[in-house]
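Residues 67 to 396, numbered by our numbering, are exactly what the sequence shown covers, in order.
Reviewing the structure listed below.
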Amino acid sequence: MPETTPDRAALRDWLPGFVLLAAIWGSSFLFIKIGVRELHPLYVTLGRVAAGAATLLVVLAVLRDRLPRDPRLWLHLTVVAAFGVAIPFTLFGYGEQRIPSMLAGIWNATTPLVVLPMAVLVFRTERLTVRRAVGLALGFVGVLVVLGVWQGLGGVAFTGQLMCFGAAACYGLSIPYQKRFIAGRTESGLSLSAAQLLLATVQLAVVSPLVAGAPPMPTALSLDVVASVLALGAFGTGLAFVINLHNIRVVGASTASTVTYLIPVFAVLIGAVVLDETPTWHQPVGALIVLLGVAVSQGFLGRRPAHPTAVPAAGPVDPAAAAPTVAARP
Numbered sequence: 067m068p069e070t071t072p073d074r075a076a077l078r079d080w081l082p083g084f085v086l087l088a089a090i091w092g093s094s095f096l097f098i099k100i101g102v103r104e105l106h107p108l109y110v111t112l113g114r115v116a117a118g119a120a121t122l123l124v125v126l127a128v129l130r131d132r133l134p135r136d137p138r139l140w141l142h143l144t145v146v147a148a149f150g151v152a153i154p155f156t157l158f159g160y161g162e163q164r165i166p167s168m169l170a171g172i173w174n175a176t177t178p179l180v181v182l183p184m185a186v187l188v189f190r191t192e193r194l195t196v197r198r199a200v201g202l203a204l205g206f207v208g209v210l211v212v213l214g215v216w217q218g219l220g221g222v223a224f225t226g227q228l229m230c231f232g233a234a235a236c237y238g239l240s241i242p243y244q245k246r247f248i249a250g251r252t253e254s255g256l257s258l259s260a261a262q263l264l265l266a267t268v269q270l271a272v273v274s275p276l277v278a279g280a281p282p283m284p285t286a287l288s289l290d291v292v293a294s295v296l297a298l299g300a301f302g303t304g305l306a307f308v309i310n311l312h313n314i315r316v317v318g319a320s321t322a323s324t325v326t327y328l329i330p331v332f333a334v335l336i337g338a339v340v341l342d343e344t345p346t347w348h349q350p351v352g353a354l355i356v357l358l359g360v361a362v363s364q365g366f367l368g369r370r371p372a373h374p375t376a377v378p379a380a381g382p383v384d385p386a387a388a389a390p391t392v393a394a395r396p
């Protein structure tokens, strides 16, 4: 059934949650920036993922839903937990040790440009059309502008940007993987996402001490850092999923996915106001070109295809919504 434009009454049902969702995901980069001041990026990720898992388990219990039972599905979810949650979340933390939070928010918006070629060339879940090729080319130009390639490449800031782009590349692998092996399952999106977070928590609990050493005592951390990690988990990784799922049900996945375009706006505004960050001129200009490329490749400009494909960023991704379209999240 084709999507219809919601009337004003329906708009009141989903628009507040839509804006709140963009604000929550846009503020995630602020919380990451605060968290890595005192914590290793791996422990920031472990804290947020554990808090997010706890939040979704509470929601599961309230709704009387349950975790998946199929062992083979758990194997697929293990891959998604690594490449869709644990690794990209950690890479954003490493990146924000080197670059401003607003710039990390901009790089998050490049995820659809990575997902599409992976879906076309590797997983064969999409076809490359002229429109999508034009969108990818525009997005690539935007990436070069964000990097400021005419200034030369290298240095700590460039490394940080590559790490954030690496996070987007991880989503580029995990999202079409979900569409290929998980989308269409009878389990609820809430159940699948809770399982992802549980698996990511286990993965990080094993790896973090080996890489980062023993975790610091919570009492040794400032209140700002503890609150930021908990907010990342409970709100940015837990509550935000519930809001996004509501939006998808009310207005459809295509409309809900347009939150992608608001997330970098909030990330830039919050970084400027709270952290007093100042972008160079080419970074927001490049971000606009990237978002234009995303809009073209997904069919949001010009004639919209019957089954548009919007591709998400920072997860955990709702596999139930992975086809045909979902939203970007940090």
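For glycine and all other residues, C-beta sits at the position ideal for the given N, C-alpha and C.
Predicted, not measured: the structure shown is a model, and the values here were computed from it.
How would you label residue i, buried or exposed, when you count the other beta carbons within 10 angstroms and need 16 or more for buried?
i    : result
S274 : buried
F84  : buried
G201 : buried
G250 : exposed
A127 : exposed
G171 : buried
G221 : exposed
L264 : buried
R130 : exposed
P134 : buried
G279 : exposed
W216 : exposed
T195 : exposed
L296 : buried
L289 : exposed
V331 : buried
V272 : exposed
When the Cα of residue i is compared with those of the options, which residue comes out closest?
i    : options                : result
P183 : N174, A175, R193       : R193
I336 : F97, F84, T177         : F97
Q93  : P350, V339, Q364       : According to the sequence displayed, residue 93 carries Ser and not Gln. Considering only alpha carbons, the answer is V339.
I329 : W80, R198, W173, K99   : W173
P282 : F95, D79, V102         : V102
P284 : T121, Y109, K99, I90   : Y109
L81  : A361, E343, S323       : S323
T346 : L305, L169, V124       : L169
A333 : R78, D79, L86, L77     : L86
F189 : W140, K245, V209, G208 : K245
L367 : V125, I100, R197       : R197
Y243 : V186, I90, A293        : V186
R26  : A293, V317, V351       : Nothing can be reported for residue 26: it is not among the residues displayed for the chain, which extend from 67 to 396.
I100 : A293, N310, V272       : A293
R132 : S254, I153, I314       : S254
P137 : A261, D342, W216       : A261
V125 : V277, L179, I309       : I309
L357 : L341, T326, E343       : T326
Tell me which residues share the same chain as residue i and place their Cβ nearer than 6 angstroms to its Cβ, disregarding the 5 neighbours each side in the sequence.
i    : result
E104 : L287, V291
T121 : A300, G304
R370 : Low confidence applies to R370: its pLDDT is 49, below 50, so where it sits in the model is not reliable, and the reading given next is rough at best. Excluding sequence neighbours, R370 sits near nothing in its chain.
E343 : P166, M168, G337
So, are the CB atoms of residue i and residue j less than 8 angstroms apart?
i    : j    : result
D359 : G205 : It should be noted that the sequence gives Gly, not Asp, for residue 359. Result yes, Cβ atoms of G359 and G205 sit closer than 8 angstroms.
G159 : P107 : yes
V212 : A353 : yes
T267 : V115 : yes
A300 : A175 : no
L112 : L270 : yes
W91  : G302 : yes
G232 : L179 : no
G214 : I355 : no
Whose C-beta lies closer than 8 angstroms to the C-beta of residue i among residues of the same chain, with five residues either side of it excluded?
i    : result
V165 : In the sequence under discussion, the amino acid at residue 165 is Ile, which differs from the Val named in the question. A223, G226, Q227, C230.
F95  : F158, E162, S167, M168, A170, G171, N174, A333, I336, G337, P396
H312 : W80, G83
Which residues in the same chain as residue i place their Cβ atom closer than 7 angstroms to its Cβ, once the five residues preceding and following it in sequence are excluded?
i   : result
D73 : Unreliable placement is indicated for D73, whose pLDDT of 49 sits below 50; no coordinate value is reported for it.
Q45 : The shown model of the chain, from 67 to 396, leaves out residue 45, and the question about it has no answer.
Any heavy atom of the ligand ADP inside 7 angstroms of the beta-carbon of residue i?
i    : result
G279 : No copy of the ligand ADP appears in this structure; indeed no ligand is present at all.
Mind pulling the alpha helix (DSSP H) runs of 4 or more residues that sit fully within the stretch 139-170?
Every alpha helix (DSSP H) stretch that sits fully inside the stretch 139-170 and reaches 4 residues is listed by chain position as 153-162.
Can you give, in chain order, each stretch of the alpha helix (DSSP H) that sits fully within the stretch 286-337 and has at least 4 residues?
If we require 4 residues or more, the alpha helix (DSSP H) runs fully inside the stretch 286-337 come out as 289-297, 306-317, 319-322.
Within the stretch 210-289, ranges of the alpha helix (DSSP H) (whole runs, at least 4 residues):
Listed in chain order, the complete alpha helix (DSSP H) runs (minimum 4 residues) inside the stretch 210-289 are 221-247, 255-278.
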